[in-house]
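Step one of this worksheet: look at the structure below.
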Amino acid sequence: KAGVTQTPRYLIKTRGQQVTLSCSPISGHRSVSWYQQTPGQGLQFLFEYFSETQRNKGNFPGRFSGRQFSNSRSEMNVSTLELGDSALYLCASSLQPGQDNEKLFFGSGTQLSVL
Amino acid sequence: DQQVKQNSPSLSVQEGRISILNCDYTNSMFDYFLWYKKYPAEGPTFLISISSIKDKNEDGRFTVFLNKSAKHLSLHIVPSQPGDSAVYFCAATTGANSKLTFGKGITLSVRP
């Protein structure tokens, strides 16, 4: 059974650009969450999607957005990139939201560098 | 406002000895706590969890202790092995909520 797949693995962008990151959850998983990891802040919750609907949102500016498709795959978008957006973006999937948090499976992440 | 705090950024222990990783939280609504382990270039993987109705949960070499009155939890690894060297994240959540609030992590190094 394939794990959570995130693409691309690495990304370099310049300030002001926008970026789209992709996440394919484990087959059968319908809930997808996104987290941002930075050295100074640890992992911070961005948002969660289930059945193509955003269930929960973290404390990030509107430049950060996401969506989920009918096959449960998810994308997140960051517009007008800032230097501080440089981070590892992690996607996690689970069968359903709100149950058995230990059943949250993380991908390896997309390392975004903003120059 | 950091609701989950891991105040020590790193810990180094000798192989075979006990590793104790600490975590404090400020939100009294948190009722479920988890520890995740992360190797470089990989995503975090679940290690062990504890509900607020318990004060201890054990799984093999790993034990998590919860002190609700002090809003403190700790992860004990006995005996520590070199393969345990990784970053350990403490996380907390409320009810049936998928949103996890993580600490900043602690880097554990187990010396052979």
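Residue numbers (the working numbering), protein chains in the order written: chain A, 369 to 483; chain B, 3 to 114. By construction, the Cβ of each residue, glycine as well, lies at the ideal position given by its N, Cα and C atoms.
Integer-rounded CB distance, given that residue j should sit under 8 Å from residue i
i: L110 (chain B); j: S21 (chain B); result: 6 Å
i: E416 (chain A); j: S438 (chain A); result: The Cβ separation is near 17 Å, so there is no contact.
i: P28 (chain B); j: Y38 (chain B); result: Inspection of the sequence shows that residue 28 (chain B) is occupied by Thr rather than by Pro. In fact, because the Cβ distance is near 20 Å, the residues do not count as touching under 8 Å.
i: S10 (chain B); j: I108 (chain B); result: 6 Å
i: S14 (chain B); j: D33 (chain B); result: Rounded, the Cβ-Cβ distance is 33 Å, inconsistent with contact.
i: Q412 (chain A); j: G426 (chain A); result: 6 Å
Per-residue burial, residue i [other beta carbons within 10 Å of its own, 16 or more giving buried]
i: P41 (chain B); result: The question names Pro, but residue 41 (chain B) in the sequence shown is Tyr. Exposed: under 16 other Cβ atoms inside 10 Å.
i: P465 (chain A); result: buried
i: P376 (chain A); result: exposed
i: D453 (chain A); result: buried
i: S392 (chain A); result: buried
i: A370 (chain A); result: exposed
i: S481 (chain A); result: exposed
i: T478 (chain A); result: buried
i: Q409 (chain A); result: exposed
i: G475 (chain A); result: buried
i: A72 (chain B); result: exposed
i: Q8 (chain B); result: buried
i: Q386 (chain A); result: exposed
i: Q16 (chain B); result: exposed
i: Q405 (chain A); result: buried
i: Q83 (chain B); result: exposed
Nearest candidate by alpha-carbon position, reference residue i, set the options
i: C25 (chain B); options: B:D33, B:I50, B:M31 and B:S76; result: B:S76
i: K381 (chain A); options: A:M444, A:E450, A:S476 and A:T406; result: A:E450
i: P488 (chain A); options: B:R113, B:D61 and B:S12; result: Not covered by the structure: residue 488 (chain A). The range shown for chain A is 369 to 483.
i: S512 (chain A); options: A:A460, A:G430 and A:Q479; result: In the structure as shown, chain A starts at 369 and stops at 483, and residue 512 (chain A) therefore has no counterpart that could be examined.
i: N445 (chain A); options: A:F418, A:N427, A:L414 and A:R398; result: A:L414
i: A43 (chain B); options: A:K471, A:S454 and A:Y378; result: A:Y378
i: Q4 (chain B); options: B:P114, B:V112, B:G105 and B:R113; result: B:G105
i: Q436 (chain A); options: A:L483, A:R383 and A:S390; result: A:S390
i: F473 (chain A); options: B:G45, B:K7, B:G18 and B:L23; result: B:G45
i: L2 (chain B); options: A:S433, A:V387, A:V372 and A:K471; result: Here chain B comprises residues numbered 3 to 114, so residue 2 (chain B) is not present and cannot be evaluated.
i: S447 (chain A); options: A:R431, A:L458, A:Q409 and A:S440; result: A:R431
i: M31 (chain B); options: B:K70, B:K56 and B:K58; result: B:K70
i: Q422 (chain A); options: A:Q405, A:Q409, A:R398 and A:G410; result: A:R398
i: C92 (chain B); options: B:L23, B:G18, B:P81 and B:D61; result: B:L23
i: G85 (chain B); options: B:F67, B:Q16 and B:V112; result: B:V112
i: L483 (chain A); options: A:R383, A:V372, A:T373 and A:Q374; result: A:R383
i: A94 (chain B); options: B:F35, B:G18 and B:R19; result: B:F35
Neighbouring residues, chain B, relative to residue i (Cβ below 7 Å)
i: N424 (chain A); result: S100 and K101
i: P376 (chain A); result: Result: empty, since nearest Cβ-Cβ is about 14 Å, beyond 7 Å.
i: P465 (chain A); result: S100
Cross-chain neighbours of residue i in chain B, by beta carbon under 8 Å
i: L472 (chain A); result: F48, S100 and L102
i: S462 (chain A); result: S100
Residue-level contact to chain C via CB, residue i, 8 Å cutoff
i: E416 (chain A); result: Among the chains of the structure shown, chain C does not appear; the protein chains present are A and B.
Under 8 Å by beta carbon: chain A residues contacting residue i
i: A43 (chain B); result: S476
i: F91 (chain B); result: G410 and L411
Per-residue contacts from residue i into chain B (C-beta, under 9 Å)
i: S401 (chain A); result: S100, K101 and L102
i: P393 (chain A); result: In chain order: nothing, as chain B lies at least about 12 Å away.
Amino acids of chain A, ordered along the chain, whose beta-carbon sits closer than 7 Å to that of residue i
i: G107 (chain B); result: G410
Could you tell me which whole beta strand (DSSP E) segments of length 3 or greater appear in the region 12–57 of chain B? Qualifying beta strand (DSSP E) stretches, in chain order: 12–16, 21–27, 34–40 and 47–53.
What beta strand (DSSP E) runs, 3 residues minimum, are completely inside the region 374–406 of chain A? As far as the region 374–406 of chain A is concerned, its whole beta strand (DSSP E) runs of at least 3 residues are 378–381, 387–392 and 399–406.
Which runs of the beta strand (DSSP E) fall wholly inside the region 435–460 of chain A and span at least 3 residues, in chain order? Within the region 435–460 of chain A, the complete beta strand (DSSP E) runs of at least 3 residues are 442–446.
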